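A short worksheet on the structure shown next.
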Amino acid sequence: TGSFSYSTYHTIEEIYSWIDGLLLEYPKLVSRIDIGQSYEGRPIYALKFSTGGNKPAIWIDTGIHSREWITQATGVWTAKKIASSYGVDSSLTDILDNLDIILEIVTNPDGYAYTHSTNRMWRKTRSINAGSTCVGVDPNRNWNAGFGGPGSSSNPCSETYHGAHPHSEPEVYSVVDFILAHGNVKAMLSIHSYSQMLLFPYGYTNDLAPDHEELTELAKQTANALASLHGTQYTYGTTIATIYRADGTATDWAYNNGIKYSYTFELRDTGRYGFILPAEQIIPTAEETWLALMTVMEHVKNHPY
Amino acid sequence: QKTFVGDQVLRAHAKDNAQLDVLRELEAMKHLQVDFWRGPSRPNLPVDIRVPNAVLQQVKVFLESNSIDYSIMIEDVQELLDQEHQDIQSATLRER
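Chains as they are written, first to last, in this note's numbering: chain S, 11 to 315; chain G, 1281 to 1376.
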C-alpha cells in the first residue's frame, strides 16, 4: 500500500485491490470480513482492526451515498492510518488494546461503481424497483428507525426513496445483520458529505435522545478537535434540528439498537465544490477527520457501558 | 459517462417557510430533473440545486418570479468533472 496514491480518487476495483495489500502488510492486525453481497453481486467488505479477543467494537462506514467520493477516499486513508499507527501512536494503540475498529469503506459498492462507469452524480443503490422505471433506494432512508416518515420519499424516482420495506437493500441488511450478530458495537460513525456537520439522533423525531447531553458535549469536543488542524468549522446537533428531518437513517437505527455513540459526519465542504471536492483536499480532510474520530474513539474507550 | 455540460449548481436562499415550500414544489417537478444536493430544510440553510442546462433559464425564472435569492455555486458542472478526471489520470500515471 506504500505506492498507492492517497490523494486521488480510486475505483472500487482499485480500492478492493488495495485492501488485499493492506491485509498482506498488516496480517496480525487487519482482517477482512465479507459481510454480504450487493444487489448486483459485488462483495461487501468490512475491515476489522483487532489485537485479538472479542472486544467491544467501533463501527465506521464511508460511502453509503456513492457520489460522496471524499468519504470513500477518507475511509482508505483512515484504514492505512489505523494500521500504521498501532504500536507507534500511543493513543491509537491504547484504543486498539481495548476496542476493535470495524471500517466499511465502500458501503454502497454498486452505486460507487456506477459513479465511475456511468453517472458521477449517482447517490442511491442500484436495485430495481418493481413497478417503476426508476432505479435505486436511498440507503440512508432504508433503516428501521422512523422508516417511511416524511423525511424520506415513497417515490422510487426520488433521491430519498426509502425502499419497499426496512432493510430492503442488501447493502443495508448486511450491516444490520453484522452489527446485530456482533452484539457489542459501542459506536457507529457514518461518514457523509457535504456540509461540515456532526449530527446525532434523532433525525425522525424532535424528541431528544436520552443521552442528548453527553452526545452534545462529545460533539462539541469532536468539532473542536477537527478544527484544530486546518481551522475547518463544523456545526453540530441533532439531525432534525441541525439539517432537516430524515427518516430511516443508519445512526438513528444504531442508537435505537443500543449503540449510544451514534454520529453522522458530513465532511467538507460547505458549498464551493459540493460533491466534486478536488482531490487535493482528500488528505487535509482525512487528517482533520482523523482527529475527530480519535476524539470519539477515546471517549468510547474511557466511558464503557 | 453521462455528461453535465452547462449544468449549474445554484445556491438558493429561502427567506422564510413559504419560500422553502416553493423550493419543495420545485423538487417535486420531476420533469425538470433538477438534483437537490442540499434540500430545503430551514430558512437559514442554503439550498443547493444542480440544474440541467436545458432547464436552467426556466428554473432561474421560477426562482426569480418567487423572489427567491440565488447565486451560482458551480458555473459548469462538467468543467469540474473534467478537471477531476484529469487529476485522476495524472495520479494513476504517477502511481504506475
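Cβ coordinates follow ideal geometry from the N, Cα and C atoms, glycine included. Please read all numbers here as calculations on a predicted model, not as lab measurements.
_Any beta carbon from chain S within less than 8 Å of residue 1361/G's own beta carbon?_
Residue 1361/G counts as touching chain S.
*Ignore the nearest five residues each way along the sequence and tell me which others in residue 232/S's own chain have a CB closer than 7 Å to its CB.*
Hits under 7 Å: 208, 302, 305, 306.
*Relative to chain S, which residues along the segment 1319 to 1342 of chain G have a C-beta separation below 9 Å, given in chain order?*
Per Cβ criterion, the list reads 1319, 1320, 1321, 1322, 1325, 1326, 1328, 1330.
*Mind checking residue 133/S: buried by the 16 CB within 10 Å criterion, or exposed?*
Label assigned to residue 133/S: buried.
_Does the CB of residue 322/S have a neighbour CB from chain G at under 8 Å?_
Nothing can be reported for residue 322/S, as the shown portion of chain S is limited to 11 through 315.
*Cα-Cα, which of 257/S, 63/S, 210/S, 21/S is closest to residue 324/S?*
In the structure as shown, chain S begins at 11 and stops at 315. Residue 324/S is therefore absent and cannot be evaluated.
*Would you say residue 284/S and residue 215/S are within 8 Å of each other, going by their C-beta atoms?*
Not in contact: residue 284/S and residue 215/S (Cβ atoms no closer than 8 Å).
_Closer than 8 Å to chain S by CB, residue 1289/G_ = Closer than 8 Å to some Cβ of chain S, the Cβ of residue 1289/G qualifies, so yes.
*Does the Cβ-Cβ distance between residue 179/S and residue 150/S come in under 8 Å?*
Contact: no.
*Identify every residue that forms a DSSP beta bridge with residue 1313/G.*
In DSSP, residue 1313/G forms no bridge with anything.
*List the DSSP bridge partners of residue 246/S.*
Paired residue(s): 208/S.
*Whose Cβ in chain G lies nearer than 7 Å to the Cβ of residue 18/S?*
Ordered by position in chain G, the residues that pass the 7 Å Cβ test against residue 18/S are 1367, 1368, 1371.
*Is it buried or exposed for residue 34/S, if we count other Cβ within 10 angstroms and need 16 for buried?*
Exposed is the call here.
*Roughly how many angstroms separate the alpha carbons of residue 98/S and residue 91/S, rounded to a whole number?*
For residue 98/S and residue 91/S, the distance between alpha carbons rounds to 11 Å.
*Length of the line joining the Cα atoms of residue 1313/G and residue 15/S*: Take the alpha-carbon of residue 1313/G and the one of residue 15/S: they are about 36 Å apart.
*Flag this pair as touching only if the segment 193 to 210 of chain S and the segment 227 to 243 of chain S have three or more C-beta atom pairs under 8 Å; answer yes or no.*
Output reads yes: the segment 227 to 243 of chain S touches the segment 193 to 210 of chain S.
*Partners in chain S for residue 1315/G, counting only beta-carbon separations shorter than 8 Å*: Below the 8 Å Cβ cutoff, chain S contributes 131, 169 as neighbours of residue 1315/G, in chain order.
*When the cut-off is 8 Å and only beta carbons count, does residue 1309/G lie next to chain S?*
No, residue 1309/G lies away from the interface with chain S (no Cβ there is under 8 Å from its Cβ).
*Helix, strand or coil: which one does DSSP assign to residue 104/S?*
Helix, per DSSP.
*Which one of 88/S, 76/S, 101/S, 110/S has the shortest CA to CA distance from residue 147/S?*
Comparing C-alpha distances from residue 147/S to each of 88/S, 76/S, 101/S, 110/S shows the shortest one belongs to 76/S.
*Whose CA, out of 1303/G, 1326/G, 1281/G, lies closest to the CA of residue 1351/G?*
A check of alpha carbon separations from residue 1351/G across 1303/G, 1326/G, 1281/G identifies 1326/G as the nearest.
*Please list the partners that residue 285/S has in chain G, where partner means a Cβ-to-Cβ separation under 8 Å.*
Within 8 Å Cβ-Cβ: 1317.
*Could you tell me the boundaries of the alpha helix (DSSP H) in which residue 84/S lies?*
Note, residue 84/S: alpha helix (DSSP H), 79 to 95.
*Is the CB-CB distance between residue 88/S and residue 277/S below 8 Å?*
If you check the CB distance, residue 88/S and residue 277/S do not come in under 8 Å.
*asked:* For a test of the three-state rule: what should DSSP assign to residue 174/S, helix, strand or coil?
replied: Three-state DSSP puts residue 174/S in coil, outside helix and strand.
_Please list, in chain order, the residues of the segment 243 to 255 of chain S that have any C-beta partner in chain G closer than 7 Å._
Taken in chain order, the members of the segment 243 to 255 of chain S whose beta-carbon sits within less than 7 Å of a beta-carbon on chain G are 253, 254.
*With 8 Å set as the bound, which would you pick, yes or no: does the beta-carbon of residue 14/S sit closer than that to a beta-carbon of chain G?*
So, interface residue.
*asked:* Considering only DSSP beta bridges, list what residue 274/S is partnered with.
replied: In the DSSP output, where bridge partners are listed per residue, residue 274/S has 200/S, 209/S.
*In the structure shown, what three-state DSSP assignment does residue 1358/G receive?*
Of the three classes helix, strand and coil, the one that applies to residue 1358/G here is helix, per DSSP.
*So, does the CB of residue 1295/G fall closer than 8 Å to a CB anywhere in chain S?*
Interface residue (Cβ-Cβ distance to chain S less than 8 Å): residue 1295/G is not classified as such.
*asked:* Check whether chain S comes within 8 Å of residue 1299/G, counting only Cβ atoms and requiring the distance to be less than that.
replied: By this cut-off, residue 1299/G is not an interface position.
*Expressed to the nearest angstrom, what Euclidean distance is found between the alpha-carbon atoms of residue 103/S and residue 96/S?*
Rounded to whole angstroms, the gap between the alpha carbons of residue 103/S and residue 96/S is 5 Å.
*Assess, as a yes-or-no matter, whether the segment 281 to 298 of chain S is touched by the segment 1317 to 1331 of chain G under the definition of 3 or more beta carbon pairs within less than 8 Å.*
Yes: at least three Cβ pairs fall under 8 Å.
*Per DSSP, residue 1292/G forms a beta bridge with which residues?*
Paired residues: 1327/G, 1350/G.
*Answer with yes or no whether the minimum CB distance from residue 289/S to chain G is below 8 Å.*
For residue 289/S, the nearest CB of chain G lies under 8 Å from its own CB, placing it at the interface with that chain.
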